[in-house]
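What follows is a single structure, written as structure tokens, with notes after it.
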Amino acid sequence: MRAPLPLAIALALAAPAAHAAAATPASASTSPDATRLDTVEVTAAAPTRLERRAKAGSRLDLAVGETPASVDVIDQDALRQRLESTTVEALDNAPGVVGYYSFGTLNVSGRGFAGVFNSPVMFDGIRYPGWQIAPRATLNYAQVEVLRGPAGLSAGQGAVGGAINLVPQRADGVADTRAYAGFGRYGTWTLGAGHGGAIGDGAARYRVDATYQASDERGSYGYARDTSFLFRHVTAEVAVPLGETLLASLAIDRWRDDAEGYFGTPLVDGRFDERLREANFNIVDDVLDMDARWTRARLEWTPSSAFRGRLVAFHNDELRRWRNTEAYTYQPANATVRRADYLATTHDQALRGALAEGAWTHTLFGLPHQLAFGVQTDRNDHDRASNSPFRFTDAVPLFPASRGAFVSLDPFLPRTATDIEQRAGWLESRLDVAPGWRVISGWRHDRTDVESLNVVSGVRFDRRYVSNGARLGVTRALGVDGMVYASWASGSEPPAQITTLGLANARFDLTDARQWELGLKQRLGRGDWTLALYDIERTNILSRDPADPNLFQQIGAQGARGLEVSVRLPLAEAWTLEGSAAVLDAAFGRFDERVGTALISRRGNVPVNVPERLATTWLRWQATDAFSLAAGLRAVGRRPANTANTQWLAGYATLDLNANWRTGWGDVGLRVRNVADKAYATTAYNAGNQVMVGEPRWFEVVWQRRF
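Taking the working numbering, the leading residue of the sequence shown gets 2, the next gets one more, and so forth.
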């Protein structure tokens, strides 16, 4: 553990004196006139999770424990203590959140909403464009931030269920070297290294981090056969002070993911057949590759302790390639599986933009006040090619001996060219209205212009989306250790994925969401606990027109209310308990769905893939200074597989075990996930006909060291 900056400076200043003392002759140190001082041991406590800052929650200088919203920070220390290194494992640490992969993209379920678009990903506070594809590994990031509930204030459009912010390691000039190596089941390797410091007298600072992750057999967004992958991720930053108040930096982020695809397992007579646990119904010449580059140039200005500002120019260049068969439906008449969606597609996009933001601390009407403000503009050129409309289908046995190769009846051609321009501006305010009382408010305005050309037909459409996201919160301090709060927040999202928006959905408006939340956050000595009660509703969702089931209208609604609690509590000198639980009631409001020629109401049904019960518990025993054991239990309640709620995925519970040894040459750990080898499904799609199968028993040996 590193000492805080003031302590580090004090130790650095003391170093020359210590060196001189070491060089003093022995006779001098044993002089009768010498005075022996008592040994003083200096220790410093690392910040607790409530003391950390998170841009996902606010752009004000607020700690998590001061933010009137449910936001969590999962930093590298927490991840490495549990021997975790992936994005999904990081999300598992957030109360009420279930993270999983499907189609090679990150999906999130939380607060009654599930899917790929409800919780957008940001990179260092910059909204990620298009599909929510996040790096597999987290070793290159300082922390992962998770906001639960509408995130229109933080992330703009498309943030109804929450937001995720990945924060890279920064070039802060602190000498730091880290190494990580893990080897696990299925020939899985995870290698990571990072180094940072200053050049010469500190005029230039640098940081470089690299991750390599690969599996010879399984693990590519699933654990069926033939799901090997190769993932590489490099981040680098150089920062140079330009005088006493300016800091210029350049950061580069590059990751490449080459994988064999897994797109789920068909349900047999509406149930998950464990005999198919390892079966892969995808073609043998499948492709699931992604190549992304992020570049960010920053200029940070701090003219005084009362004002700070920054200007960021950013560029994202990304190419994604898919070639798979993705839809599987069991045919009971002849015990075969019908395969459809023989899909080949590429997404080629280039995002460029800039943001400027600042924060000003002052007094307003004699009251302490901080104002954060900013603007952002960007343009995303997104070109898509495919073999639409993917007409080829075939059938394979339930236990296929041969899966065949890719076949298409349709030519692979450029299909759409989409240009998306976004303008955004925001304000946030923190006002201390009375001793212990604080009002925190914010507003964000987004304007998005979409121009899309169907290259094949020549049909073009233009559409503008205008939205406002806001939050208003009131907090009341509970002494110096906690606070209670009440807040209201809003968000919105397009009717479909905006980068692949088709003409059929272009005429629909944004869907809207609002949330009321009451909460408590409190430190308990070396621990803490949080409590949140919320009521969230999303309106204007697409529903079938009762007069014409072939048409859609925006009259639907979906809502949830629930309770989330988390705790981190030292039970004794050597024992620590960490846990969280979520209980919610999620349901459709007005929502009509066509089944054949009939129009069926789904009012009151639970949305697909939404668990209404979720709990995680970790118990850690520090047996000695050098050895610790930990056990983690994660339970996820049952989830509906279709909107009719006639098919359900069974709930499941998995047990993980960790052991850590601290040695002179690094920390060695052993972890076993899903100790009982529980067979379970994580999510359903394709109208409830197929599911993604969860992780089997998996073990890994890890070595890590910090220099």
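Glycine included, C-beta positions come from ideal geometry on N, C-alpha and C.
Over the uninterrupted alpha helix (DSSP H) stretch that includes residue i, give me the two end residues.
i, result
"T88", "T88 to L92"
"L154", "G153 to A156"
"Q82", "Q77 to Q82"
Would you give the residue range spanned by the beta strand (DSSP E) that residue i belongs to?
i, result
"R276", "No beta strand (DSSP E) contains R276, which DSSP labels as neither H nor E."
"L368", "L368 to S387"
"Q648", "Counting along the chain, Q648 falls outside any beta strand (DSSP E), and DSSP gives it neither H nor E."
"A180", "D177 to G185"
"L61", "Counting along the chain, L61 falls outside any beta strand (DSSP E), and DSSP gives it neither H nor E."
"W302", "V288 to S305"
"D125", "Looking at the DSSP string, D125 is not in any beta strand (DSSP E), and its letter there is neither H nor E."
"S409", "Looking at the DSSP string, S409 is not in any beta strand (DSSP E), and its letter there is neither H nor E."
"S581", "W576 to F589"
"S629", "F628 to V637"
"P169", "G163 to P169"
"Q523", "T512 to L525"
"Y331", "F308 to Q332"
"F114", "F114 to G116"
"Q691", "Q691 to V694"
"W666", "From DSSP, W666 is part of no beta strand (DSSP E); its letter is neither H nor E."
"R339", "T337 to L365"
"Y686", "A682 to Y686"
"P398", "D395 to P398"
According to the neighbour-count rule (16 or more other Cβ atoms, all chains shown, within 10 Å of its Cβ), is residue i buried or exposed?
i, result
"P369", "exposed"
"E319", "buried"
"W666", "exposed"
"P436", "exposed"
"A396", "exposed"
"E579", "buried"
"R83", "buried"
"T31", "With a pLDDT of 38 at T31, under the threshold of 50, the modelled position of that residue is not reliable, and the figure given next carries that caveat. Flag for T31 reads exposed."
"I200", "exposed"
"N659", "buried"
"T560", "In the sequence on display, residue 560 carries Gly and not Thr. Counting Cβ neighbours within 10 Å, G560 comes out buried, since at least 16 surround it."
"V313", "buried"
"L167", "buried"
"F114", "buried"
"R305", "Per the sequence shown, residue 305 should be read as Ser rather than Arg. Under this definition S305 is an exposed residue."
"N335", "exposed"
"G116", "buried"
"L352", "buried"
"D463", "exposed"
"W427", "buried"
If I measure Cβ to Cβ from residue i and keep anything under 7 Å in the same chain, skipping five residues before and after, which residues do I get?
i, result
"V523", "Val is not the amino acid found at residue 523; the sequence shown has Gln there. L479, D482, G483, D529 and W530."
"P263", "Inspection of the sequence shows that residue 263 is occupied by Tyr rather than by Pro. S221, Y222, G223, A225, T228, N281 and N283."
"L473", "S442, S488 and W489"
"A29", "With a pLDDT of only 36 at A29, under 50, the local geometry of the prediction cannot be trusted, and no value is derived from it."
"G126", "K56 and N166"
"D217", "Y187, G188 and S229"
By Cβ distance, which residues of its chain are closer than 6 Å to residue i, with the 5 residues on each side in sequence left out?
i, result
"A182", "L192 and W704"
"W361", "F308 and L372"
"Y102", "Y222"
"V566", "L532 and A582"
"A180", "A194 and R706"
"R672", "L84, N659 and E701"
"R431", "L61, Q371 and I441"
"L300", "A249 and L312"
Suppose the cutoff is 8 Å on Cβ atoms and the five residues either side in sequence are ignored; what does the same chain contact list for residue i look like?
i, result
"S387", "L344, A345, T346, T347, F413, L414 and R416"
"A176", "G197, G198 and A199"
"G185", "T191, W699, F700, E701 and V702"
"P169", "F124, D125, N141, Y142, A143, D210, T236, E238, A252 and D254"
"E275", "A680"
"Q332", "V338, R339 and A396"
Could you check whether the Cβ of residue i sits closer than 7 Å to any heavy atom belonging to the ligand MG?
i, result
"E85", "In the structure on display, the ligand MG does not appear, and there are no ligands present to speak of."
>> Tell me whether the region 587–603 and the region 651–661 touch, counting them as touching only if at least three CB pairs, one residue from each stretch, are closer than 8 Å.
In response: Fewer than three Cβ pairs drawn from the region 587–603 and the region 651–661 lie within less than 8 Å of each other, which leaves the two stretches out of contact.
* Asked: What beta strand (DSSP E) runs, 3 residues minimum, are completely inside the region 435–504?
  -> 438–455, 461–479 and 483–494
- Message: Pairs of beta-carbons, one from the region 312–327 and one from the region 289–299, closer than 8 Å: are there three or more?
- Response: As far as the Cβ criterion goes, the region 312–327 touches the region 289–299, which means the pair count is three or higher.
Just checking, does the region 210–217 make contact with the region 137–152 on the three C-beta pairs under 8 Å criterion? The region 210–217 is in contact with the region 137–152.
**Asked** Would the region 612–627 and the region 671–678 be scored as touching if the rule is three or more Cβ pairs under 8 Å?
**Response** no
*asked:* Any contact between the region 54–61 and the region 151–164? By contact I mean 3 or more CB pairs, one from each, below 8 Å.
replied: yes
Taking 8 Å as the threshold, find out whether the region 90–105 comes into contact with the region 503–521 through three or more Cβ pairs.
Because the criterion of three Cβ pairs below 8 Å is not met, the region 90–105 and the region 503–521 do not touch.
Practice item. For the region 175–249, list the beta strand (DSSP E) runs that are entirely contained and at least 3 residues long, ordered along the chain. Key: 177–185, 189–200, 205–216 and 230–242
Margin query: My parser needs the beta strand (DSSP E) runs of 3 or more residues fully inside the region 587–621; what are they?
Written below: 593–596 and 599–602
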